[in-house]
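In our numbering, the protein residues as written are 408 to 507.
We treat Cβ as the ideally placed atom computed from N, Cα and C, and that holds for glycine.
Please read the structure below before turning to the comments.
Printed below as a string of structure tokens:
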């Protein structure tokens, strides 16, 4: 499955983060001992850190992909410009030859 913007890796990272949150909430409801609550709060903090890191990584991938896309667009535009310049030079040369 792919995320809204088409980024499969971002979708996987967000799905994993959501799954971690669901697991934490399910475990939280089962707690009876106050000491377990303290341990679980630490686990939740770790899960939150992992979720944040995964979301950041997904955003990094997205940024790199956008940078590569922009670079490729720029290269294509450069090639178009060179092709137009060559085409114009050929036309000028052809017109010059016809005028002789």
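Rounded to the nearest whole angstrom, the C-alpha separation of residue 419 and residue 454 is 16 angstroms. Taken through DSSP and simplified to helix, strand or coil, residue 453 comes out as helix. In the three-state DSSP reduction, residue 486 falls in the helix class (H, G or I).
Exposure of residue 490 is indicated by the presence of fewer than 16 other C-beta atoms within 10 angstroms of its C-beta. The C-beta of residue 422 has fewer than 16 other C-beta atoms within 10 Å across all chains shown, which makes the residue exposed. In this structure, residue 468 lies away from residue 415, with their beta-carbon atoms at least 7 angstroms apart.
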